[in-house]
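Each remark here refers to the structure printed beneath this line.
There are 2 protein chains.
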Amino acid sequence: MRTSVPLAHAYRLLNHGPTTLVTTAHGGRRNVMAAAWVMPLDFEPPKFAAVVAADTFTRELLDAAGECVLQVPTTEQLQLTYDCGSRSGRDGDKFTALGIGTSAASLVAAPLVDGCAAWLECRVLAEPDLATRHDLFVLECVAAWADDRWWHNGEWQFAPAGPRSLHHLKGGVFFATGERLAAARPRRSS
Amino acid sequence: MRTSVPLAHAYRLLNHGPTTLVTTAHGGRRNVMAAAWVMPLDFEPPKFAAVVAADTFTRELLDAAGECVLQVPTTEQLQLTYDCGSRSGRDGDKFTALGIGTSAASLVAAPLVDGCAAWLECRVLAEPDLATRHDLFVLECVAAWADDRWWHNGEWQFAPAGPRSLHHLKGGVFFATGERLAAARPRRSS
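Protein sequence lines, in the order shown, are assigned to chains R and A.
For our numbering, add 2 to where a residue sits in the first sequence, where the first one is 1.
For our numbering, add 2 to where a residue sits in the second sequence, where the first one is 1.
Laid out in structure tokens, this is it:
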């Protein structure tokens, strides 16, 4: 079930470096792409940095709308994630072609991809040189959600054999998020 | 054993979103910090984006030297990674305090932390507004290395029960990099 995540905790949704799906919508058109180059940039208000290449349909919609949703797909969405990253929305609506269900976001026009582990509704902050020079966008997260099957007490708690987030290596090869490891309290001397 | 990684493959060292250690050195002083907010930004020449907070000793050395090394610590370095992120080099040399062994880099003054899975020697590209506004640095990787125990044929190949890279969730809680999952060739229609 989708549960609201306090904005102060939004960075934790992406802090472990998962691959994302980025949805956009503008003027009756919509798109979804896979993006591994997304990371937190600030805690509160929560900001994120995302690379969106200049020649993509997502870039066109992102520039026009100034909004997007970052989502965290799971291992159940491995093929969907790779397929999203392997075709262009200019060749036809990917949601229809790939049978991707969506729900309405709360504050932005871009849709939420059903079945993901988290959703971050974002607005583009004006940084024009960054996009021109590095295809890099600074996003402010204005609403955040997670599926409470995997998000409890302000952190990811994936079951050992259940779905978990994805980390892209290259060309359709991903790593699942692995086991949880807790360090001891910091050593203060050697 | 440390093996050279072609620069065209350097992005793959961080594409799966692992937590990094950032080393810096300038004028006889050196430091190491943990940084989860690091990601690839371009393929070739390989560029990376990294967040380094304004009040850190690493920031002081990075601004002065214009160079750093990004490394990928392993699960064997869980405590070291957390400890590095939980104290300041201004309070004493962390390498000495934490017993961290180092080797010389090839092109930059910052040291390589022994025992890591990968090392990316980087130079800061001039983007002054970015650092001021977002604590964000654009780095060009000028030399890349990986330990051939875990890096073969241009990709990470962690053994099922062996050391692997780390992904920070929050406050000393990490995920290990999990199992490898390969998607099928992209579906071209639904």
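No residue lacks a Cβ here, since even glycine has one placed at the ideal position from N, Cα and C.
Because the structure is a prediction, the values reported are computed rather than measured.
Shortest alpha-carbon distance to residue i belongs to which of the options?
{"i": "F176/R", "options": "R4/R, H11/R and G19/R", "result": "G19/R"}
{"i": "R182/R", "options": "A186/A, P188/A, M35/A and H169/A", "result": "H169/A"}
{"i": "G173/A", "options": "S167/R, A178/R, R61/R and P188/R", "result": "P188/R"}
{"i": "K49/R", "options": "T76/R, Y84/R and C70/R", "result": "C70/R"}
{"i": "T76/R", "options": "A184/R, D149/R, A185/R and A186/R", "result": "D149/R"}
{"i": "C118/A", "options": "T134/A, R125/A and A146/A", "result": "A146/A"}
{"i": "L15/R", "options": "T58/R, A56/R and H154/R", "result": "H154/R"}
{"i": "R31/A", "options": "A163/A, A112/A and R125/A", "result": "A112/A"}
{"i": "L9/A", "options": "W152/A, G180/A and P42/A", "result": "P42/A"}
{"i": "G103/A", "options": "W152/A, Q79/A and V110/A", "result": "Q79/A"}
{"i": "T134/R", "options": "E62/R, Y13/R and T83/R", "result": "E62/R"}
{"i": "A163/R", "options": "W152/A, V110/A and G180/A", "result": "G180/A"}
{"i": "N33/R", "options": "G101/R, H136/R, R151/R and V144/R", "result": "G101/R"}
{"i": "D57/R", "options": "D85/R, R92/R and A51/R", "result": "R92/R"}
{"i": "M35/R", "options": "V110/R, L114/R and Y13/R", "result": "L114/R"}
Given the structure, does residue i come close to the ligand ATP, in the sense that its CB is under 6 Å from one of the ligand's heavy atoms?
{"i": "E78/R", "result": "Ligands displayed in this structure: none; no statement on the ligand ATP is therefore possible."}
Give the range of the alpha helix (DSSP H) segment to which residue i is assigned.
{"i": "H136/R", "result": "P130 to H136"}
{"i": "A120/R", "result": "Segment A120 to L127 is the beta strand (DSSP E) holding A120/R; no alpha helix (DSSP H) there."}
{"i": "A67/R", "result": "F59 to A67"}
{"i": "T83/R", "result": "L80 to C86"}
{"i": "T98/A", "result": "K96 to L100"}
From residue i to residue j, what does the alpha carbon distance come to, in whole angstroms?
{"i": "S192/A", "j": "D116/R", "result": "Interpretation of S192/A is limited by its pLDDT of 45, a score under 50 that renders its predicted location unreliable; the figure taken from the coordinates is listed afterwards. Taking the straight line from one Cα to the other gives about 17 Å."}
{"i": "P165/R", "j": "V7/A", "result": "32 Å"}
{"i": "T60/R", "j": "A99/A", "result": "48 Å"}
{"i": "A120/R", "j": "S108/R", "result": "14 Å"}
{"i": "E46/A", "j": "D95/R", "result": "31 Å"}
{"i": "S90/A", "j": "S105/R", "result": "45 Å"}
{"i": "Q81/R", "j": "S167/A", "result": "24 Å"}
{"i": "L64/R", "j": "A185/A", "result": "27 Å"}
{"i": "G87/R", "j": "G68/R", "result": "21 Å"}
{"i": "A37/A", "j": "E123/R", "result": "25 Å"}
{"i": "R4/A", "j": "A178/A", "result": "22 Å"}
{"i": "V216/R", "j": "W39/A", "result": "Since the first and last residues shown for chain R are 3 and 192, residue 216/R lies out of range."}
{"i": "A55/A", "j": "V74/R", "result": "26 Å"}
{"i": "G2/R", "j": "D44/A", "result": "In the structure displayed, chain R extends from 3 to 192; residue 2/R sits before or after that span and is not available."}
{"i": "T21/R", "j": "L72/A", "result": "20 Å"}
{"i": "F97/A", "j": "T83/A", "result": "12 Å"}
{"i": "N17/R", "j": "L171/A", "result": "6 Å"}
{"i": "E11/A", "j": "H136/R", "result": "It is worth fixing the name first, because residue 11/A is His in this sequence and not Glu. Roughly 19 Å separates the two Cα atoms."}
{"i": "Y13/R", "j": "D85/A", "result": "21 Å"}
{"i": "R151/A", "j": "V110/R", "result": "46 Å"}
{"i": "A66/A", "j": "A66/R", "result": "39 Å"}
{"i": "A51/A", "j": "V144/A", "result": "14 Å"}
{"i": "R125/A", "j": "R125/R", "result": "31 Å"}
What are the start and end residues of the beta strand (DSSP E) that includes residue i?
{"i": "L15/R", "result": "Note, L15/R: premise wrong, no beta strand (DSSP E); not H, not E."}
{"i": "F177/R", "result": "V175 to A184"}
{"i": "M3/A", "result": "That residue, M3/A, is in no beta strand (DSSP E); it is neither H nor E in DSSP."}
{"i": "T22/A", "result": "T22 to H28"}
{"i": "V53/R", "result": "K49 to V53"}
{"i": "L168/R", "result": "L168 to K172"}
{"i": "A36/A", "result": "R31 to A37"}
{"i": "D44/A", "result": "V40 to D44"}
Would the region 158-170 of chain R and the region 24-35 of chain R be scored as touching if the rule is three or more Cβ pairs under 8 Å? no
Does the count of Cβ pairs from the region 122-129 of chain R and the region 137-145 of chain R closer than 8 Å reach three? With the cut-off at 8 Å, the region 122-129 of chain R and the region 137-145 of chain R touch.
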